[in-house]
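Mapping of the sequence shown onto this note's numbering: position 5 corresponds to residue 6, and the numbering continues sequentially without gaps.
Everything below concerns the one structure shown next.
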Amino acid sequence: MKHESLYDYSGDPDLLNKFREMVAVNAYYRAEKRGFEPGHEMEDWHEAELEITNTYRYWFQ
Numbered sequence: 002m003k004h005e006s007l008y009d010y011s012g013d014p015d016l017l018n019k020f021r022e023m024v025a026v027n028a029y030y031r032a033e034k035r036g037f038e039p040g041h042e043m044e045d046w047h048e049a050e051l052e053i054t055n056t057y058r059y060w061f062q
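Below is the structure:
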């Protein structure tokens, strides 16, 4: 099931770049918490994207 993504946002490109950066950092810390065990990269990215999307949705209204 595909979740709604802010990657489709067509407004301020600076906000979209900040969103992408925040997702990357969040995913990195998720991997670090697990000791960078391989095989969870997509899960980390997906969870990070959901968290950032839900937390900062008001930026993109």
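Virtual Cβ for every residue (Gly too), placed ideally from N, Cα, C.
- Within the model, the alpha-carbon separation for Y57 versus H41 is close to 24 Å.
- A contact between stretches requires three or more CB pairs, one per stretch, nearer than 8 Å, and the stretch 26-41 fails this requirement with the stretch 10-17.
- The beta carbons of L16 and W60 sit closer together than 7 Å.
- Contact between A49 and R31 holds, since their C-beta atoms are separated by about 6 Å, short of 8 Å.
- DSSP places P39 in the coil class of the three-state scheme, outside both helix and strand.
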